[in-house]
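Report on the structure given below.
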Ligand code: GDP
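Residue numbers (our numbering): 50 to 224.
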């Protein structure tokens, strides 16, 4: 898709992008050839706004984080299936600190980055590809809020409320 500022910026920064080649205007502004949501939550919101009725099958990445992967894997996977997901792929993996840092690149520099990446690299995770209509939004909803303590108050039946330990060790990942 390319930069979202408009045609001029897109031409400058990504000349082969859709917005550089096909945007109708010549300058930056509202007229863009194509739009892309920034993340899964924006994507789900945009899909809801545009489509009515059953959504197409989506795939989403689900990860059971270290510790939880060993202790609660069976129960979490049962819950996932009970919510209508198909587990399309599944892998137990131990990630290096470098792999985890690149996975969480968007959080580099934040106060919790080192704690988070050391934790994820500390033991094996279970990575899964989940499939069902509206999978991205549905998995985030099953996980609950990022913060374990907020999950316990706001969404007590969510996975993070039930299996999260603290702000960093919040049971699962979704993207
Ligand atoms: P997610 O998509 O819900 O997992 O949330 P984020 O992408 O914002 O954060 C990634 C991960 O970093 C979270 O799942 C937590 O493990 C951790 N994290 C995020 N925010 C905080 C925070 O404020 N404090 C701590 N300790 N960890 C955090």
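Ideal Cβ positions, reconstructed from N, Cα and C, are used throughout, including at glycine.
The model shown is predicted, which means the values in this text are computed figures rather than measured ones.
Considering residue i, what are the terminal residues of the beta strand (DSSP E) in which it resides?
i	result
residue 70	Per DSSP, residue 70 belongs to no beta strand (DSSP E); it is in the alpha helix (DSSP H), 67 to 71.
residue 110	106 to 113
residue 176	174 to 182
residue 221	221 to 223
residue 140	135 to 142
Could you pull the start and end residues of the alpha helix (DSSP H) that residue i belongs to?
i	result
residue 210	208 to 212
residue 87	Neither: residue 87 is in no alpha helix (DSSP H) and is coded neither H nor E.
residue 165	162 to 169
residue 151	146 to 152
residue 215	Segment: none, residue 215 is in no alpha helix (DSSP H) and carries neither H nor E.
residue 121	117 to 131
residue 198	197 to 203
Is the beta carbon of residue i sitting closer than 8 angstroms to the one on residue j?
i	j	result
residue 109	residue 179	yes
residue 171	residue 115	yes
residue 153	residue 217	no
residue 68	residue 83	yes
residue 193	residue 204	yes
residue 211	residue 219	no
residue 132	residue 191	yes
Smallest Cα separation from residue i: which of the options?
i	options	result
residue 111	181, 203, 200	181
residue 134	122, 107, 194, 72	107
residue 149	161, 165, 139, 138	165
residue 188	51, 59, 121, 125	125
residue 151	51, 162, 101	162
residue 186	160, 213, 128, 224	224
residue 86	53, 104, 71	53
residue 113	131, 139, 103	139
residue 30	101, 129, 155	Nothing can be reported for residue 30: it is not among the residues displayed for the chain, which extend from 50 to 224.
Can you name the residues that DSSP bridges to residue i?
i	result
residue 55	77
The segment 174 to 192 / the segment 65 to 78 touching (three or more Cβ pairs under 8 angstroms): In short, these stretches do not touch, since the Cβ pair count stays below three.
Contact between the segment 55 to 68 and the segment 90 to 105 (3+ Cβ pairs under 8 angstroms): In short, these stretches do not touch, since the Cβ pair count stays below three.
Stretch pair the segment 195 to 206 + the segment 95 to 106: three plus CB contacts closer than 8 angstroms: Contact between the segment 195 to 206 and the segment 95 to 106 is absent: fewer than three C-beta pairs spanning the two stretches fall below 8 angstroms.
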